[in-house]
Amino acid sequence: MIIPLLKGLGTTFKAILSKPLTIQYPEVKRPVSERFRGRPELQLHDNGKVKCVACTLCKTVCPSQAITVIEPKEGTYGEKYPVEFVIDLTRCIFCGFCQEACPKAAIALNKEYELAQYDKKMLIYDIEMLKTKG
Amino acid sequence: MVNLTIDGRAIQAEEGITILKAAQAHGISIPFLCYHPAIKAIGSCRICVVEVKPGPPRPSPACTTKVAEGMEVTTNSERIQNIRRELVKFMLVNHPLDCPWCDKGGECELQNLTHELGVAEVDYEAVRKPINNDFDSMLIERYNTRCVTCGRCVHVCQERVGASAINFENRAYFTDLGSGQQPLNCEFCGTCIEVCPVGALINKLFKYSARCWEMTGTRTICQFCGGGCDYMVDVKDGKVLRVRRDEENPLLCLRGRFGFGVLDAPERLKTPLIKKGGQFVEASWDDALEFAAQGLMQVMAKSGPSAIYGVGSPRATNESNYLFQKFFRVVLGTNQIDNPARYNYLKALEGIAQVFGMPEVAGVNPEPLKFPKPFHSSLTLEEGAKGKGFPFVLGDSGTLKAADVVLVIGADVTPEMPPYGWQLMEALQNENFRLIVANPRKTKYDRYAHAKLRYKPGTERALLNGLMEAILDEKSGHTPYLEAAGFEEFTESLRQTPMKDVKEMTGVMVGDIREAAKILANAQAPAIIFGNDLLAQASGKENAIAVANLFLLIGQPGNPGSGLYPIAEKNNTHGVCDMGVLPNMLPGYQPLAAGSPFGKLWNKTLNITPGFTLEEALSRVESNAVTAPQAFYIMGGDLVRQAPNSKRVLSILQKAKFMVVQGAFMTEVAKLADVILPVNIHAEVNGTYTNTDGRLGQLKAAVGGNGAKPGWQIIAALSRKLDYPMEYYSAEDIFKEMSGGVSLYAGIKDGYRWPCPTIAAQIKGNFVPVSIAAEIPGEGPFTLIVGKSAGHSGSYTTWAQGPMTIMGSQVLKINPEDAGGLDIAEGDEVTVQSAQGSIAVKASLNQAMPPGVVFLADHFTDPMANTVTLNSNLCRVTIQKG
Numbered sequence: 002m003i004i005p006l007l008k009g010l011g012t013t014f015k016a017i018l019s020k021p022l023t024i025q026y027p028e029v030k031r032p033v034s035e036r037f038r039g040r041p042e043l044q045l046h047d048n049g050k051v052k053c054v055a056c057t058l059c060k061t062v063c064p065s066q067a068i069t070v071i072e073p074k075e076g077t078y079g080e081k082y083p084v085e086f087v088i089d090l091t092r093c094i095f096c097g098f099c100q101e102a103c104p105k106a107a108i109a110l111n112k113e114y115e116l117a118q119y120d121k122k123m124l125i126y127d128i129e130m131l132k133t134k135g
Numbered sequence: 002m003v004n005l006t007i008d009g010r011a012i013q014a015e016e017g018i019t020i021l022k023a024a025q026a027h028g029i030s031i032p033f034l035c036y037h038p039a040i041k042a043i044g045s046c047r048i049c050v051v052e053v054k055p056g057p058p059r060p061s062p063a064c065t066t067k068v069a070e071g072m073e074v075t076t077n078s079e080r081i082q083n084i085r086r087e088l089v090k091f092m093l094v095n096h097p098l099d100c101p102w103c104d105k106g107g108e109c110e111l112q113n114l115t116h117e118l119g120v121a122e123v124d125y126e127a128v129r130k131p132i133n134n135d136f137d138s139m140l141i142e143r144y145n146t147r148c149v150t151c152g153r154c155v156h157v158c159q160e161r162v163g164a165s166a167i168n169f170e171n172r173a174y175f176t177d178l179g180s181g182q183q184p185l186n187c188e189f190c191g192t193c194i195e196v197c198p199v200g201a202l203i204n205k206l207f208k209y210s211a212r213c214w215e216m217t218g219t220r221t222i223c224q225f226c227g228g229g230c231d232y233m234v235d236v237k238d239g240k241v242l243r244v245r246r247d248e249e250n251p252l253l254c255l256r257g258r259f260g261f262g263v264l265d266a267p268e269r270l271k272t273p274l275i276k277k278g279g280q281f282v283e284a285s286w287d288d289a290l291e292f293a294a295q296g297l298m299q300v301m302a303k304s305g306p307s308a309i310y311g312v313g314s315p316r317a318t319n320e321s322n323y324l325f326q327k328f329f330r331v332v333l334g335t336n337q338i339d340n341p342a343r344y345n346y347l348k349a350l351e352g353i354a355q356v357f358g359m360p361e362v363a364g365v366n367p368e369p370l371k372f373p374k375p376f377h378s379s380l381t382l383e384e385g386a387k388g389k390g391f392p393f394v395l396g397d398s399g400t401l402k403a404a405d406v407v408l409v410i411g412a413d414v415t416p417e418m419p420p421y422g423w424q425l426m427e428a429l430q431n432e433n434f435r436l437i438v439a440n441p442r443k444t445k446y447d448r449y450a451h452a453k454l455r456y457k458p459g460t461e462r463a464l465l466n467g468l469m470e471a472i473l474d475e476k477s478g479h480t481p482y483l484e485a486a487g488f489e490e491f492t493e494s495l496r497q498t499p500m501k502d503v504k505e506m507t508g509v510m511v512g513d514i515r516e517a518a519k520i521l522a523n524a525q526a527p528a529i530i531f532g533n534d535l536l537a538q539a540s541g542k543e544n545a546i547a548v549a550n551l552f553l554l555i556g557q558p559g560n561p562g563s564g565l566y567p568i569a570e571k572n573n574t575h576g577v578c579d580m581g582v583l584p585n586m587l588p589g590y591q592p593l594a595a596g597s598p599f600g601k602l603w604n605k606t607l608n609i610t611p612g613f614t615l616e617e618a619l620s621r622v623e624s625n626a627v628t629a630p631q632a633f634y635i636m637g638g639d640l641v642r643q644a645p646n647s648k649r650v651l652s653i654l655q656k657a658k659f660m661v662v663q664g665a666f667m668t669e670v671a672k673l674a675d676v677i678l679p680v681n682i683h684a685e686v687n688g689t690y691t692n693t694d695g696r697l698g699q700l701k702a703a704v705g706g707n708g709a710k711p712g713w714q715i716i717a718a719l720s721r722k723l724d725y726p727m728e729y730y731s732a733e734d735i736f737k738e739m740s741g742g743v744s745l746y747a748g749i750k751d752g753y754r755w756p757c758p759t760i761a762a763q764i765k766g767n768f769v770p771v772s773i774a775a776e777i778p779g780e781g782p783f784t785l786i787v788g789k790s791a792g793h794s795g796s797y798t799t800w801a802q803g804p805m806t807i808m809g810s811q812v813l814k815i816n817p818e819d820a821g822g823l824d825i826a827e828g829d830e831v832t833v834q835s836a837q838g839s840i841a842v843k844a845s846l847n848q849a850m851p852p853g854v855v856f857l858a859d860h861f862t863d864p865m866a867n868t869v870t871l872n873s874n875l876c877r878v879t880i881q882k883g
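Written out as structure tokens, the structure is:
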């Protein structure tokens with residue numbers, strides 16, 4: 002009868018001596034796994050232009066139809082690029098299919114997970130918001 | 002029939018067809034890349050190779066190898082698949098991985114083939130082909146790196162379009178597509194884009210606007226010329242992005258493929274407009290209709306219903322036009338209606354009717370079906386139905402290619418009716434086929450013609466007279482194949498003009514006439530195509546009679562292809578006449594008589610006093626006659642631009658006390674209106690069009706209304722305001738009512754030609770001698786021809802981006818020698834002057850123009866070609882530099 006009690010106390014003492022596990026969120030943020038899937042982000046070339054060529058494969062593959070608008074335009078050298086790119090994060094299920102489908106590695110899920118908003122409209126991301134590093 | 006086995010399956014196939022076709026017919030798929038059903042097999046890509054026993058030890062291409070008795074074909078052995086994979090790899094060596102932004106991505110045949118064959122990697126390397134792209138061409142971009150040199154575009158352009166504008170350059174590995182080291186400058190029909198298996202040819206208007214899987218296709222009918230091609234409009238987000246046809250027949254013309262911009266042109270009228278104090282103000286539909294109804298009622302109260310004059314539209318559907326004439330005949334109780342076909346196509350119908358009689362059909366079930374299928378005639382035919390009259394000599398454009406001799410007279414086929422041109426190209430594949438082209442100008446088909454007759458403008462009747470005379474000389478004792486009255490007298494009247502006089506008048510050598518006559522005299526299935534150049538003349542009807550006389554002399558309508566092919570200018574020019582938008586005839590060319598089935602159908606005692614023709618009405622207004630119309634209800638047709646002598650027409654229409662215009666654009670006529678009711682156009686409405694040879698085509702709405710309304714709804718709403726409710730729920734309802742009264746339409750449906758082919762034709766004709774004197778109004782050293790250009794159709798396409806890119810403004814085509822004499826260089830501003838007026842226009846030196854003849858197109862309003870004409874498309878003018 003006393004033995005289980007002592008075992009329990011033993012565990013308690015062990016924990017007292019180790020470093021505490023509690024993370025003081027939001028002051029301290031826990032690093033996420035390498036494979037974590039946060040919000041989609043448009044990737045940029047070194048010159049600041051989007052890598053996206055507006056092929057719409059991500060839009061086509063998106064299972065929850067979160068990618069709503071990709072508006073293509075022709076550039077000076079005949080290249081195709083998006084002038085508008087809208088993702089409705091209220092619909093996004095963070096599956097990463099868009100990243101998988103992208104032939105240009107132009108869209109990737111970053112590690113941003115603090116997406117809660119008071120207003121749902123804030124979660125409809127346009128091209129400028131999608132370009133910001135998360 | 003031959004017996005063979007394909008992949009172990011026993012198959013029966015027709016003799017002479019290829020293995021590929023036999024396999025396709027039995028649902029066995031053989032991959033291919035260069036083969037296309039619209040062109041002759043090329044056999045260059047070798048993707049379709051199959052093993053054939055007995056046969057050579059090497060695999061044979063299925064697209065060129067013909068089936069034979071006892072043949073054993075293997076389509077997908079390991080060896081064959083390996084060969085195909087290697088071939089695809091060779092193509093991919095040079096093919097850029099542009100797929101994400103290439104417009105063809107998703108519908109690319111090379112992409113599909115790569116997937117199908119499982120080619121994941123290309124283990125070859127080679128020197129890259131030098132880049133030789135063409136981004137400067139106006140509507141079609143070329144990417145040589147994407148090209149797989151299958152040759153489809155080259156062949157379709159040569160064989161089917163007849164333009165030969167694109168060809169291969171260089172040889173072997175470095176073979177490239179090209180248009181002679183300069184940007185592609187052709188007819189811009191865009192057929193090459195449609196047949197290209199990869200994205201080597203790109204439609205500039207569509208480029209990057211959508212991926213193929215994002216669009217939905219709706220099959221509808223083209224809205225431009227009278228050809229009535231059915232095509233597919235691809236729509237994304239309520240906007241038409243491109244137009245294509247189908248696999249079997251990819252041919253469309255410039256305006257068909259690139260002219261869809263009219264739909265969402267910024268100039269489209271979207272809200273009703275009422276003129277207040279000389280300015281148009283936007284109004285609600287209810288207010289505008291009320292205003293229109295009040296205006297019409299006031300005129301009617303003062304001067305009676307015959308003071309209102311209606312002009313139907315060759316662009317509106319059959320249903321709208323039918324309702325329009327019903328509105329006049331039933332609601333207003335007058336026959337004061339006509340349509341703009343009066344200036345060209347109607348002259349052809351009237352002329353042919355004089356020779357072959359008005360239509361009559363016997364053997365129609367008098368009781369209409371209660372529930373016919375949508376756009377099927379509610380009248381059915383009894384066994385042994387018989388018919389006679391002019392519709393039975395009108396040729397079927399589907400069988401034109403079966404004709405053995407075609408005479409094209411007074412028509413420039415490509416601008417006026419591209420589908421006839423494609424039929425001619427198909428007919429030319431047959432070595433016994435003979436083409437005769439008679440035109441004052443050099444036209445595209447001159448290069449294919451076996452006989453060319455370059456006559457002086459306005460001398461068509463003299464030329465036809467000479468031809469008939471020469472035919473009788475060629476074949477002594479010749480009698481018409483059809484039952485014909487007045488042959489003896491007619492022969493004598495022909496002989497009154499000796500051949501040397503004909504030569505004198507027409508400027509054509511007697512030998513040339515005799516040569517053409519020899520071809521015509523020996524024809525088994527002759528066809529005659531004639532168009533605007535001949536019909537729009539003041540004596541257009543006489544010209545049409547002369548053509549009909551020639552057909553009565555040599556025509557054999559029993560043989561496929563043989564017939565008269567008058568060219569209808571617009572998509573529903575034929576339909577507007579069929580629907581009875583005529584002052585003297587009810588729908589289906591039925592006489593205005595008390596016993597007409599329409600009296601019963603409409604439950605109304607018909608007014609049987611014929612109205613004025615358009616020309617009569619205009620001249621009555623001009624002379625301030627007591628009977629002159631006071632108000633106009635114009636549904637379509639920019640009369641100011643289209644009718645000869647624009648200034649006169651403008652001043653006449655300005656006199657109108659009240660004018661309602663129902664249209665899609667602010668045309669010159671619409672500017673004169675008191676109220677404008679905006680109307681939906683082709684891809685926005687359901688209904689039917691009737692093409693130039695009487696084929697019914699069904700329109701399906703693909704995009705939304707844009708604030709405007711379908712024509713028939715506007716007429717019905719206006720009628721309601723005039724206390725005559727017209728209750729129709731859809732265009733089908735109207736078609737059902739109309740077809741119940743038109744025996745000529747009995748038995749037809751979408752895609753059929755009227756009269757129904759099961760009606761046995763009893764064709765009789767009588768020769769009608771016509772005077773051959775040529776008369777061109779005005780004085781001056783040059784003869785002006787006002788006609789059509791290949792890029793445009795009426796004023797309609799001047800609102801669309803595609804055609805305007807190719808031909809953006811009016812030019813005066815003039816012979817370079819004439820121009821040299823006047824010191825005019827290409828692009829110089831010149832003044833064209835006649836007694837009616839003068840216009841300033843840029844000159845374009847053109848070898849196609851004979852000396853002393855100049856040409857203007859009638860599409861543009863600035864400057865308007867018809868400013869200088871008097872009563873015909875021909876006019877004598879003086880030309881000055883500056």
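Going down the list, the sequences are from chains G and Z.
Numbering of the first sequence is given in my numbering, commencing with residue 2 and proceeding in unit increments.
Numbering of the second sequence is given in my numbering, commencing with residue 2 and proceeding in unit increments.
Glycine is no exception: its CB is placed at the ideal position from the N, C-alpha and C atoms.
None of these values were measured; they are calculated from a predicted model.
Rounded to the nearest whole angstrom, the CA to CA distance from residue 397 of chain Z to residue 536 of chain Z is 20 Å. Neighbourhood of residue 104 of chain G in chain Z, by CB distance below 9 Å: 98, 100 and 101, in chain order. In the same chain as residue 257 of chain Z, and ignoring 5 residues on each side of it, the C-beta atoms closer than 7 Å to its own belong to 223, 225, 230, 232 and 244, in chain order. Residue state for residue 31 of chain G is assigned as coil, using DSSP reduced to three classes. For the stretch 198–219 of chain Z, the beta-carbon criterion of a distance under 9 Å to any beta-carbon of chain G is satisfied by 208, 209, 210, 211, 212, 214 and 215. With a contact defined as Cβ atoms closer than 8 Å, residue 733 of chain Z and residue 372 of chain Z miss out at about 11 Å. Excluding residues up to 5 positions away in sequence, 219, 221, 234, 236, 241 and 684 lie with their Cβ nearer than 7 Å to the Cβ of residue 703 of chain Z in the same chain.
Within the same chain, Cβ atoms closer than 6 Å to the Cβ of residue 307 of chain Z are found at 335 and 337, the five residues on either side in sequence being excluded. With respect to the C-alpha of residue 384 of chain Z, the residue from Z/795, Z/792, Z/2 and Z/759 having the closest C-alpha is Z/759. Taking 8 Å as the cut-off between beta carbons, the residues of the stretch 63–90 of chain G near chain Z are 73, 74, 75, 79, 80 and 81, in sequence order. Taking C-alpha positions only, residue 380 of chain Z is separated from residue 488 of chain Z by approximately 37 Å. In terms of Cβ geometry, residue 500 of chain Z and residue 467 of chain Z form a close pair [threshold 9 Å].
Secondary structure within the stretch 86–112 of chain G: the alpha helix (DSSP H) runs of 4 or more consecutive residues, fully enclosed, are 98–102 (chain order). Residues of chain G whose Cβ lies closer than 8 Å to the Cβ of residue 136 of chain Z are, in chain order, 79. Collapsing the DSSP output to three states places residue 778 of chain Z in coil. Per DSSP, the continuous beta strand (DSSP E) segment holding residue 168 of chain Z begins and ends at 168–170. Around the beta carbon of residue 699 of chain Z, a 10 Å sphere encloses 16 or more other beta carbons of the protein chains shown; the residue is thus reported as buried. Per DSSP, the unbroken beta strand (DSSP E) holding residue 72 of chain Z starts and ends at 72–75. Following the DSSP letters along the chain, one finds residue 676 of chain Z in no alpha helix (DSSP H) but inside the beta strand (DSSP E) bounded by residues 676–679. According to DSSP, residue 785 of chain Z shares a beta bridge with Z/855 and Z/876. The beta-bridge partner set that DSSP reports for residue 842 of chain Z consists of Z/831. Between residue 111 of chain G and residue 42 of chain G a beta carbon distance of about 4 Å is seen, short of the 8 Å cut, so the two are scored as contacting. The criterion of a C-beta distance shorter than 9 Å is not satisfied by residue 875 of chain Z and residue 743 of chain Z.
Excluding its 5 nearest sequence neighbours in each direction, residue 209 of chain Z has C-beta neighbours in its own chain below 8 Å: 102 and 104, listed in chain order.
Taking residue 133 of chain Z as the centre and dropping the five residues before and after it, the same chain places the C-beta of 145 and 177 closer than 6 Å to its C-beta, in chain order. DSSP places residue 372 of chain Z in the coil class of the three-state scheme, outside both helix and strand. Residue-level contact check: residue 106 of chain Z touches chain G, since one or more beta carbons of chain G fall below 9 Å from its beta carbon. Each of G/89, G/108, G/104 and G/91 was checked against the Cα of residue 97 of chain G, and the nearest Cα belongs to G/108.
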